[in-house]
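Everything below concerns the one structure shown next.
4 protein chains.
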Amino acid sequence: MSTSQQPEELYAVAVCLIPMGLEVPSVGPQIAECQRILEKSGLTFHMHGYGTNLEGPWSAVTKAIGDCHAAVHAMGTPRIATDIRIGTRTDKTIATGQGNLGKIARVEEILGKDKA
Amino acid sequence: MSTSQQPEELYAVAVCLIPMGLEVPSVGPQIAECQRILEKSGLTFHMHGYGTNLEGPWSAVTKAIGDCHAAVHAMGTPRIATDIRIGTRTDKTIATGQGNLGKIARVEEILGKDKA
Amino acid sequence: MSTSQQPEELYAVAVCLIPMGLEVPSVGPQIAECQRILEKSGLTFHMHGYGTNLEGPWSAVTKAIGDCHAAVHAMGTPRIATDIRIGTRTDKTIATGQGNLGKIARVEEILGKDKA
Amino acid sequence: MSTSQQPEELYAVAVCLIPMGLEVPSVGPQIAECQRILEKSGLTFHMHGYGTNLEGPWSAVTKAIGDCHAAVHAMGTPRIATDIRIGTRTDKTIATGQGNLGKIARVEEILGKDKA
Numbered sequence: 000m001s002t003s004q005q006p007e008e009l010y011a012v013a014v015c016l017i018p019m020g021l022e023v024p025s026v027g028p029q030i031a032e033c034q035r036i037l038e039k040s041g042l043t044f045h046m047h048g049y050g051t052n053l054e055g056p057w058s059a060v061t062k063a064i065g066d067c068h069a070a071v072h073a074m075g076t077p078r079i080a081t082d083i084r085i086g087t088r089t090d091k092t093i094a095t096g097q098g099n100l101g102k103i104a105r106v107e108e109i110l111g112k113d114k115a
Numbered sequence: 000m001s002t003s004q005q006p007e008e009l010y011a012v013a014v015c016l017i018p019m020g021l022e023v024p025s026v027g028p029q030i031a032e033c034q035r036i037l038e039k040s041g042l043t044f045h046m047h048g049y050g051t052n053l054e055g056p057w058s059a060v061t062k063a064i065g066d067c068h069a070a071v072h073a074m075g076t077p078r079i080a081t082d083i084r085i086g087t088r089t090d091k092t093i094a095t096g097q098g099n100l101g102k103i104a105r106v107e108e109i110l111g112k113d114k115a
Numbered sequence: 000m001s002t003s004q005q006p007e008e009l010y011a012v013a014v015c016l017i018p019m020g021l022e023v024p025s026v027g028p029q030i031a032e033c034q035r036i037l038e039k040s041g042l043t044f045h046m047h048g049y050g051t052n053l054e055g056p057w058s059a060v061t062k063a064i065g066d067c068h069a070a071v072h073a074m075g076t077p078r079i080a081t082d083i084r085i086g087t088r089t090d091k092t093i094a095t096g097q098g099n100l101g102k103i104a105r106v107e108e109i110l111g112k113d114k115a
Numbered sequence: 000m001s002t003s004q005q006p007e008e009l010y011a012v013a014v015c016l017i018p019m020g021l022e023v024p025s026v027g028p029q030i031a032e033c034q035r036i037l038e039k040s041g042l043t044f045h046m047h048g049y050g051t052n053l054e055g056p057w058s059a060v061t062k063a064i065g066d067c068h069a070a071v072h073a074m075g076t077p078r079i080a081t082d083i084r085i086g087t088r089t090d091k092t093i094a095t096g097q098g099n100l101g102k103i104a105r106v107e108e109i110l111g112k113d114k115a
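As you go down the protein sequences, you meet chains A, B, C and D in turn.
Mind the numbering: the first sequence is residues 0 to 115 in numbering that gives the first Met the number 0, read in order.
Mind the numbering: the second sequence is residues 0 to 115 in numbering that gives the first Met the number 0, read in order.
Mind the numbering: the third sequence is residues 0 to 115 in numbering that gives the first Met the number 0, read in order.
Mind the numbering: the fourth sequence is residues 0 to 115 in numbering that gives the first Met the number 0, read in order.
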């Protein structure tokens with residue numbers, strides 16, 4: 000990546016892809032296809048009830064999301080609206096708590112003191 | 000509900016509250032306070048790595064989010080930006096799969112067939 | 000509002016409502032219906048290319064969004080996903096720059112100095 | 000880009016970048032810096048009261064957003080949370096109404112008939 004100006008540090012990202020223009024309101028098959036793409040991407044990811052959280056370098060994360068759009072369109076979806084939240088910080092790395100699991104652990108640690 | 004025009008069916012919601020103007024980048028104490036408010040609200044909720052998913056009637060959900068803003072301001076936070084995703088559907092109820100757990104189960108069922 | 004726990008200060012909000020499960024990808028009629036509801040709400044609002052920004056007290060803003068969901072479902076839309084960004088701050092009021100127009104003016108003022 | 004699997008069709012995108020961990024709640028200087036980066040990117044963009052809408056190929060759009068994160072961190076911002084909405088469709092191009100301006104025109108055309 001020596002010639003790229005793209006930052007390659009790790010990003011914590013939350014993605015919610017919304018297929019539009021399907022005749023049915025259910026979108027399980029399209030979301031399942033995105034999970035297959037994320038599985039192949041090698042990125043760390045976790046599906047929850049309102050989207051999927053993933054972590055990785057910006058170029059890999061954006062490639063994966065672009066691939067999801069391409070794949071869901073290829074399934075016959077005429078329109079897609081995706082909502083992405085991205086987080087970066089310079090004071091911590093994933094290893095020291097930037098990541099999604101680190102953030103949960105920190106909040107639970109604080110709440111744990113309420114009961115102590 | 001006779002006089003209200005507010006829809007009271009159940010909403011599946013994902014909330015990500017972002018405190019701004021703090022001298023430190025960490026926001027664990029503010030997010031923990033929101034968890035305490037959600038606990039008191041009686042709503043079903045689940046914190047994940049990039050926000051908290053909750054489910055309930057629109058009036059209760061919006062009251063809880065408003066209460067979180069008020070409480071986090073009261074902790075000395077001068078500015079708050081919150082991102083909310085809300086979902087409603089008329090073809091299913093929470094019991095028949097509208098809810099956040101129902102959505103995960105459906106995608107996992109589809110993915111399970113890949114391995115069969 | 001002396002007995003309410005709901006904060007009633009002004010909120011700056013950005014709403015993007017996404018109808019799902021329609022047979023066509025276009026959603027102009029549904030978005031137009033939301034504009035009619037916002038017009039009746041008396042709130043300050045401004046449609047842009049990726050949603051609508053509005054400003055008002057939390058109870059009025061959330062009522063308007065709930066009314067939009069109800070109206071778009073009533074048009075035959077089986078599922079709706081809405082993305083909302085909300086902003087509050089205690090250091091400024093709408094009059095002193097909290098509002099959406101005040102924020103644009105501030106950024107344009109800074110950029111104007113680049114050319115001076 | 001002949002070997003890339005990245006889709007290169009045009010995306011309509013809405014970005015809202017939120018600096019965190021600053022001692023002041025105002026973020027005008029950081030948002031102004033992002034506008035300078037978007038200006039240099041050559042992409043079509045439009046700042047509104049709650050973010051900036053832009054349009055362009057996926058690789059150019061994601062590069063611009065990554066550059067904004069890098070530049071805002073370089074200004075001394077320890078943490079950034081960005082919310083992005085992205086839209087793609089296969090039934091229309093920007094020229095035939097996919098773009099942000101085309102969407103506004105379509106809704107205003109519908110609303111115009113209310114008054115006819």
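Where a beta carbon is used, it is the ideal one built from N, C-alpha and C, also for glycine.
**Contact under 8 Å by Cβ, residue 21 of chain C with residue 71 of chain C** = The count along the third sequence starts at 1 and reaches residue 21 of chain C at position 22. The count along the third sequence starts at 1 and reaches residue 71 of chain C at position 72. In this structure, residue 71 of chain C does not lie closer than 8 Å to residue 21 of chain C by Cβ.
**the stretch 12 to 38 of chain C: positions lying closer than 9 Å to chain A by Cβ** = Correct list: 15, 17, 18, 19, 20, 21, 22, 23, 24, 25 and 26.
**Prompt:** Taking DSSP as the reference, what is the three-state secondary structure of residue 18 of chain C?
**Reply:** Within the third sequence, the letter at position 19 stands for residue 18 of chain C. The answer is strand: DSSP assigns residue 18 of chain C an E or B state.
**Request:** Please classify residue 115 of chain A: is it buried, with 16 or more other beta-carbons within 10 angstroms of its beta-carbon, or exposed?
**Result:** Taking the first residue of the first sequence as position 1, residue 115 of chain A is located at position 116. Residue 115 of chain A is exposed by the Cβ-count criterion.
**Whole-angstrom distance between residue 60 of chain A and residue 19 of chain A, CA atom to CA atom** = Your numbering for residue 19 of chain A matches position 20 in the first sequence. Your numbering for residue 60 of chain A matches position 61 in the first sequence. Residue 19 of chain A and residue 60 of chain A: Cα-Cα distance of roughly 23 Å.
**Item:** Close beta carbons around residue 99 of chain B, own chain, < 6 Å, minus the five adjacent residues each side
**Value:** For the purposes of this step, residue 99 of chain B is taken as residue 100 along the second sequence, with counting starting at 1. For residue 99 of chain B, where only same-chain residues beyond five positions count, the Cβ hits under 6 Å are 11 and 52.
**Asked** Does the Cβ of residue 99 of chain B lie closer than 7 Å to at least one heavy atom of the ligand HEM?
**Response** As far as ligands go, the structure on display features none, and thus does not contain the ligand HEM.
**Request:** May I ask you to list the residues that DSSP assigns as paired with residue 36 of chain D?
**Result:** Here the question's residue 36 of chain D lines up with position 37 in the fourth sequence. The bridge partners DSSP lists for residue 36 of chain D come to none.
**Prompt:** Start and end of the beta strand (DSSP E) containing residue 53 of chain B?
**Reply:** To locate residue 53 of chain B, count along the second sequence from 1; it is residue 54. Element bounds for residue 53 of chain B: 50 to 56.
**Message:** Three Cβ pairs or more, each shorter than 8 Å: is that satisfied between the stretch 20 to 37 of chain D and the stretch 61 to 81 of chain D?
**Reply:** Yes, since at least three Cβ pairs between the stretch 20 to 37 of chain D and the stretch 61 to 81 of chain D fall closer than 8 Å, the two stretches touch.
**Item:** Amino acids of chain B, ordered along the chain, whose beta-carbon sits closer than 9 Å to that of residue 48 of chain A
**Value:** Numbered from 1 along the first sequence, position 49 holds the residue referred to as residue 48 of chain A. Here the neighbours are 11, 13, 45, 47, 52, 54, 98, 99, 100, 101, 102 and 103.
**Request:** Indicate the three-state DSSP secondary structure (helix, strand or coil) for residue 9 of chain D in the structure shown.
**Result:** To locate residue 9 of chain D, count along the fourth sequence from 1; it is residue 10. Strand, per DSSP.
**Item:** Cβ neighbours of residue 65 of chain D in the same chain (closer than 6 Å, five flanking residues each side left out)
**Value:** Along the fourth sequence, read from residue 1 onward, the residue named residue 65 of chain D stands at position 66. Counting only Cβ-Cβ distances below 6 Å, and skipping sequence neighbours, we find nothing.
**Message:** Quick check on residue 108 of chain A: buried or exposed, where buried means 16 or more other Cβ atoms within 10 Å of its Cβ?
**Reply:** Taking the first residue of the first sequence as position 1, residue 108 of chain A is located at position 109. Residue 108 of chain A should be labelled exposed.
**Asked** If you compare alpha carbons, which of B:83, B:101 and B:89 is closest to residue 23 of chain A?
**Response** Taking the first residue of the first sequence as position 1, residue 23 of chain A is located at position 24. Among B:83, B:101 and B:89, the Cα nearest to that of residue 23 of chain A belongs to B:89.
**Request:** Give the DSSP bridge partners of residue 82 of chain A, in chain order.
**Result:** Looking up residue 82 of chain A in the first sequence gives position 83. Paired residue(s): A:15 and D:84.
**Asked** Can you find a CB in chain C that lies within less than 8 Å of the CB of residue 83 of chain D?
**Response** Locating residue 83 of chain D in the fourth sequence gives position 84, counting from the first residue. No - not a single Cβ of chain C is within 8 Å of the one on residue 83 of chain D.
**Prompt:** Quick one: is residue 38 of chain A buried, meaning 16 or more other Cβ sit within 10 Å of its Cβ, or exposed?
**Reply:** Numbered from its first residue, the first sequence carries residue 38 of chain A at position 39. With fewer than 16 other Cβ atoms inside 10 Å of its own Cβ, residue 38 of chain A counts as exposed.
**Asked** Which chain C residues sit within Cβ distance under 7 Å of residue 109 of chain D?
**Response** Counted from its first residue, the fourth sequence places residue 109 of chain D at position 110. In chain order: 27, 28 and 31.
**Asked** Is the beta carbon of residue 40 of chain D sitting closer than 8 Å to the one on residue 63 of chain D?
**Response** Counting from 1 along the fourth sequence, the entry for residue 40 of chain D is found at position 41. Counting from 1 along the fourth sequence, the entry for residue 63 of chain D is found at position 64. Taking a C-beta distance under 8 Å as the contact criterion, residue 40 of chain D and residue 63 of chain D qualify as a contact pair.
**Item:** Closest residue to residue 112 of chain D among C:35, C:9 and C:13 (Cα-Cα distance)
**Value:** Counting from 1 along the fourth sequence, the entry for residue 112 of chain D is found at position 113. Nearest to residue 112 of chain D by alpha-carbon distance, out of C:35, C:9 and C:13, is C:35.
**Request:** Check the Cβ-Cβ distances between residue 41 of chain A and every residue of chain D, and say whether any is below 8 Å.
**Result:** As a first step, residue 41 of chain A is located in the first sequence; it is residue number 42 there, counting from the start. No, no contact with chain D.
**Prompt:** Would residue 88 of chain C count as contacting chain D if we go by Cβ distances under 8 Å?
**Reply:** One-based indexing of the third sequence puts residue 88 of chain C at position 89. At least one chain D Cβ lies under 8 Å of residue 88 of chain C.
**Asked** Are any of the Cβ atoms in chain C nearer than 8 Å to that of residue 106 of chain B?
**Response** Walking along the second sequence from the start, residue 106 of chain B turns up at place 107. Judged by the 8 Å Cβ criterion, residue 106 of chain B is not in contact with chain C.
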